[in-house]
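Undergrad: Here it is: the structure, laid out below.
Chains as they are written, first to last, in this note's numbering: chain A, 29 to 158; chain B, 3 to 209.
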């Protein structure tokens with residue numbers, strides 16, 4: 029199997045993260061590595077930097093990883109998590125400015141075709157274009 | 003000059019304990035204009051810092067600040083984790099690069115505030131913690147070396163937090179409320195004020 033960009037879903041809610049990942053897998057099966065996390069370090073609504081780092085590493089691909097987030101804290105924590113990755117991986121992870129469910133499905137579908145990280149990000153972000 | 007590790011430890015402890023004691027108020031402010039988790043998030047982060055306080059204060063000052071920052075990043079669980087985490091990481095970074103406390107306090111604090119601004123892509127006037135941190139920085143610069151510096155910082159922080167009430171939020175969850183965010187003090191500004199005031203009180207008690 030050729031390498032495909034990995035997809036990470038970061039929601040404040042573990043239910044939303046899991047549900048989004050289920051929808052992605054329905055579209056792309058196991059062609060694309062998908063990891064997700066949701067909830068703060070105590071398991072309540074929120075996001076957690078260590079869990080995001082684990083998810084990025086779980087979805088790791090030499091072609092990079094695209095991260096889809098829901099609300100502000102998920103974005104800020106994801107950006108922080110990327111900075112805390114080992115240096116060789118930092119530049120191969122992008123946080124997409126896209127709606128989490130639609131963005132994840134579109135990004136994964138694009139990734140399944142073997143597209144680059146930049147292409148995957150661009151397709152997800154078309155959803156946010158005016 | 004340098005800061006003795008016992009002084010540092012007592013100030014960190016006082017600040018963390020004060021934030022923990024303020025958690026119900028922070029949560030209540032955040033319930034008004036946000037998602038209502040600021041108090042519990044800050045409490046969780048500060049408890050983690052207190053749990054590591056012996057290890058933190060055994061480090062050189064720059065590493066101690068970085069450990070506080072990293073602990074907040076890894077445990078807070080909301081946007082305030084990376085925001086406060088970046089504050090302390092940047093302060094530690096400044097101290098690793100030829101800055102010293104207490105003499106370079108304004109410079110170190112300035113680096114920390116810039117890191118918060120960059121992390122949040124936010125500026126003063128947007129109803130955030132920066133609306134306390136930036137005025138405090140200005141007082142640290144303008145009143146540097148003055149005998150009443152601590153008192154001025156305290157009053158700057160107290161006045162600045164109240165000035166967030168009439169502001170309309172354009173960053174963070176509160177921005178979803180638009181004009182309805184007006185009339186409420188910003189919870190992040192309030193937690194910044196609590197931290198600044200606790201450090202001031204600790205310094206006054208030791209003076």
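Each residue gets a CB set at the ideal place from its N, CA and C atoms; glycine is no exception.
Given a limit of 8 Å on CB to CB distance, which residues of the stretch 68 to 87 of chain A reach chain B?
TA: Within the stretch 68 to 87 of chain A, the qualifying residues are 68, 69, 70, 72, 73, 74, 75, 76, 77, 78.
Undergrad: With 16 as the cutoff for other CB atoms within 10 Å, does residue 118 of chain A come out buried or exposed?
TA: It is exposed - the Cβ of residue 118 of chain A has fewer than 16 other Cβ atoms within 10 Å.
Undergrad: Please name the residue in B:36, B:5, B:6 whose C-alpha comes closest to that of residue 179 of chain B.
TA: Of B:36, B:5, B:6, the residue nearest in Cα terms is B:36.
Undergrad: Residue 86 of chain A by DSSP, collapsed to three states: which one?
TA: Helix.
Undergrad: Output the distance between the C-alpha atoms of residue 83 of chain A and residue 47 of chain A, rounded to the nearest integer angstrom.
TA: When rounded, the distance between both Cα atoms is 15 Å.
Undergrad: Among residues of its own chain, excluding the 5 on either side of residue 67 of chain B, which ones have a beta-carbon nearer than 7 Å to its beta-carbon?
TA: Closer than 7 Å at Cβ, skipping near neighbours: 90, 93, 94, 97.
Undergrad: Would you list, in sequence order, the uninterrupted alpha helix (DSSP H) runs of no fewer than 4 residues that lie entirely inside the stretch 118 to 142 of chain A?
TA: 128 to 140, all fully within the stretch 118 to 142 of chain A.
Undergrad: Please determine if the stretch 169 to 188 of chain B and the stretch 116 to 132 of chain B are in contact, where contact requires at least 3 C-beta pairs separated by less than 8 Å.
TA: Result yes; three or more Cβ-Cβ pairs closer than 8 Å.
Undergrad: Would you be able to state if there are at least three C-beta pairs under 8 Å between the stretch 101 to 119 of chain B and the stretch 127 to 144 of chain A?
TA: Contact between the stretch 127 to 144 of chain A and the stretch 101 to 119 of chain B is absent, because fewer than three Cβ pairs lie under 8 Å.
Undergrad: List the residues of chain A that residue 76 of chain B touches, going by C-beta distances under 7 Å, in chain order.
TA: Within 7 Å Cβ-Cβ: 77, 78.
Undergrad: Where are the alpha helix (DSSP H) runs, 4 residues long or more, that stay fully inside the stretch 79 to 135 of chain B, in chain order?
TA: If we require 4 residues or more, the alpha helix (DSSP H) runs fully inside the stretch 79 to 135 of chain B come out as 82 to 98, 107 to 122.
Undergrad: What is the rounded straight-line gap between the Cα of residue 1 of chain B and the Cα of residue 67 of chain A?
TA: No answer is possible for residue 1 of chain B: it lies beyond the span of chain B, which begins at 3 and ends at 209.
Undergrad: Out of B:168, B:202, B:82, which one is the CA nearest neighbour of residue 182 of chain B?
TA: With distances taken between Cα atoms, residue 182 of chain B lies closest to B:168.
Undergrad: With a cut-off of 9 Å, does the C-beta of residue 105 of chain A fall near any C-beta of chain B?
TA: True, the Cβ-Cβ gap to chain B drops below 9 Å.
Undergrad: Looking at C-alpha atoms only, which residue of B:60, B:118, B:57, B:61 is the closest neighbour of residue 81 of chain B?
TA: Cα-wise, what sits closest to residue 81 of chain B is B:118.
Undergrad: Quick test of the definition: if touching needs 3 or more C-beta pairs under 8 Å, does the stretch 32 to 50 of chain A touch the stretch 137 to 146 of chain A?
TA: Verdict: yes, contact present.
Undergrad: Are the CB atoms of residue 53 of chain B and residue 86 of chain B nearer to each other than 9 Å?
TA: Result no, Cβ atoms of residue 53 of chain B and residue 86 of chain B do not sit closer than 9 Å.
Undergrad: Using 9 Å as the limit for Cβ to Cβ distance, is residue 132 of chain B near chain A?
TA: Answer no: the Cβ-Cβ gap between residue 132 of chain B and chain A never drops below 9 Å.
Undergrad: Under a three-way DSSP split, which group does residue 38 of chain A fall into?
TA: Residue 38 of chain A falls in the strand class under three-state DSSP.
Undergrad: State the CB to CB distance for the pair residue 133 of chain B and residue 191 of chain B, rounded to an integer number of angstroms; the pair is presumed to be in contact (CB under 8 Å).
TA: Correct: roughly 5 Å between the Cβ atoms.
Undergrad: What residue does the alpha helix (DSSP H) around residue 71 of chain B start on, and which one ends it?
TA: Per DSSP, residue 71 of chain B belongs to the alpha helix (DSSP H) from 63 to 77.
Undergrad: Between residue 99 of chain A and chain B, is there a C-beta pair that is closer than 9 Å?
TA: With 9 Å as the cut-off, residue 99 of chain A counts as an interface residue toward chain B.
Undergrad: Quick check on residue 143 of chain B: buried or exposed, where buried means 16 or more other Cβ atoms within 10 Å of its Cβ?
TA: Burial call: exposed.
Undergrad: Measuring straight from C-alpha to C-alpha, what distance separates residue 202 of chain B and residue 139 of chain B?
TA: Rounded to the nearest angstrom, the two C-alpha atoms are 14 Å apart.
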